[in-house]
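Data first, discussion second: the structure below is written as structure tokens.
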Amino acid sequence: MEGSGKSTLISRLASLLRSRGIETAVTREPGGTSLGEKLRKILLDPAGSQLCSMGELFLYAADRAQHIEEVIKPALAENRTVLCDRFSDATAAYQGYGRGISLDIISVVDREARNGITPDLTVLLDLPPEEGLRRVRSRNEQYGSKTETRMDDEQPAFHHKVREGYLALSAGEPDRFLILNAMDKPEELAQQVMQELEKRFPHVF
Ligand code: TMP
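Numbering follows the numbering used here, with no gaps: position 62 of the sequence shown is 64.
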């Protein structure tokens with residue numbers, strides 16, 4: 003969810019994993035490659051309202067395809083653990099549940115973009131959309147920008163649909179998801195993920 007503390011959590015997790023001797027790569031979508039960072043600018047440009055929903059879907063897919071080939075596959079081949087800030091579920095939640103593109107179309111496009119890569123664990127940081135948007139707004143004010151991204155401009159109703167989407171996706175694949183309450187303190191969230199990782203992947207620790 004927007005404003006749920008993903009970046010803070012991911013950097014804490016990376017430090018905790020590295021302190022346990024686990025080689026960890028941190029990356030994000032959109033972004034993560036030089037092409038991806040250019041796509042990110044286009045996708046998140048608050049002035050980019052002419053971009054139609056299908057165009058948006060294909061740009062997220064282009065970003066993912068490049069990211070998988072250039073960053074994720076090579077990192078996995080070197081036996082590194084990959085922490086990725088947003089992935090395919092964001093496409094289903096935002097472009098599917100939020101924008102209304104058919105989930106069948108999204109599934110086909112995303113499957114081609116992912117090229118066989120699936121996350122071992124997906125952490126859903128859940129919080130009321132109003133609270134997330136409030137956090138994003140206060141962060142934007144702090145850094146002097148009125149709007150950070152195209153999505154922050156969307157009405158709360160859009161973000162409620164996105165949240166419903168994430169909850170439906172996690173209900174459909176409960177084994178892949180860990181749902182956390184993003185109102186918890188950052189250090190508690192990091193501990194909760196670490197406990198889950200130790201439980202699920204004891205051979206790694
Ligand atoms: P963030 O990195 O600050 O969360 O911003 C990324 C934005 O991009 C966020 O609003 C969610 C959106 N997004 C999609 O709409 N679809 C996607 O497939 C991905 C990866 C992100």
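Each residue gets a CB set at the ideal place from its N, CA and C atoms; glycine is no exception. No experiment lies behind these values; they were computed from the predicted model shown.
Could you spell out where the alpha helix (DSSP H) holding V110 opens and where it closes? Indexing the sequence shown from 1 puts residue 110 at position 108. Residues 105 to 116.
Give the single residue among Q52, S55, S90, V84 whose Cα lies nearest to the Cα of D65. In the sequence shown, counting from the first residue as 1, residue 65 sits at position 63. The residue with the shortest Cα to Cα distance from D65 is S90.
Classification of F179 by the beta-carbon crowding that lies within 10 angstroms, buried from 16 upward: Within the sequence shown, the letter at position 177 stands for residue 179. Buried, by the Cβ-count rule.
If you drop the 5 nearest sequence neighbours on each side, which residues of the same chain put their C-beta closer than 7 Å to that of R72? Numbered from 1 along the sequence shown, position 70 holds the residue referred to as residue 72. It is Glu, not Arg, that sits at residue 72 in the sequence shown. Once the five neighbours on either side are set aside, the close Cβ partners of E72 are T35.
Please state whether the Cβ-Cβ distance between L61 and L41 is less than 8 Å. In the sequence shown, the residue the question calls residue 61 occupies position 59. In the sequence shown, the residue the question calls residue 41 occupies position 39. It is a contact, given that the beta carbons lie within the stated cut-off.
Outcome for P176 when other beta-carbon atoms lying within 10 angstroms are tallied against a minimum of 16: By one-based count along the sequence shown, residue 176 stands at place 174. Classification of P176: exposed, given that the 10 Å Cβ count is below 16.
On the three-pair Cβ rule with 8 Å, is the region 4 to 11 touching the region 102 to 122? The region 4 to 11, when compared against the region 102 to 122, does not touch it at the 8 Å Cβ threshold.
Any non-hydrogen atom of ligand 1 within 7 Å of M56 CB: As a working mapping, residue 56 is identified with position 54 in the sequence shown. No, Cβ of M56 sits at least 7 Å from all heavy atoms of ligand 1.
At a cut-off of 7 Å, would you count T35 as near ligand 1, judging by its Cβ distance to the nearest heavy atom? In the sequence shown, residue 35 corresponds to position 33, counting from 1. Not under cutoff, so the answer is no.
I need the boundaries of the beta strand (DSSP E) containing L127, first residue and last residue. Translated into the one-based positions of the sequence shown, residue 127 becomes position 125. Here the beta strand (DSSP E) through L127 covers 124 to 128.
Apart from the five residues on each side of it in sequence, which residues of its chain come closer than 7 Å, Cβ to Cβ, to L18? Indexing the sequence shown from 1 puts residue 18 at position 16. Counting only Cβ-Cβ distances below 7 Å, and skipping sequence neighbours, we find A192, M196.
Just the Cα atoms here: how many angstroms apart are A27 and A63? Within the sequence shown, residue 27 is the residue found at index 25, counting from 1. Within the sequence shown, residue 63 is the residue found at index 61, counting from 1. Rounded to whole angstroms, A27 to A63 spans 21 Å at the Cα level.
Quick check on this structure: which residue in P131, L123, C86 has the alpha carbon closest to the alpha carbon of K201? Your numbering for residue 201 matches position 199 in the sequence shown. It is L123.
Cβ-heavy atom distance between Y99 and ligand 1 below 7 Å? Counting from 1 along the sequence shown, the entry for residue 99 is found at position 97. Result no, Cβ not under 7 Å from ligand 1.
State the DSSP-derived secondary structure class of A49, mapped to helix, strand or coil. Numbered from its first residue, the sequence shown carries residue 49 at position 47. Correct three-state label for A49: coil.
N-terminal and C-terminal residue of the beta strand (DSSP E) that N183 is part of: Indexing the sequence shown from 1 puts residue 183 at position 181. Here the beta strand (DSSP E) through N183 covers 179 to 183.
Among Y96, N81, I24, R141, nearest to A159 - alpha-carbon criterion: As a working mapping, residue 159 is identified with position 157 in the sequence shown. Selected option, being the one with the closest Cα: Y96.
C-beta contact flag for S172 and L126 at 8 Å: Position 170 of the sequence shown, counting from 1, holds the residue named residue 172. Position 124 of the sequence shown, counting from 1, holds the residue named residue 126. The answer is yes: Cβ separation under 8 Å.
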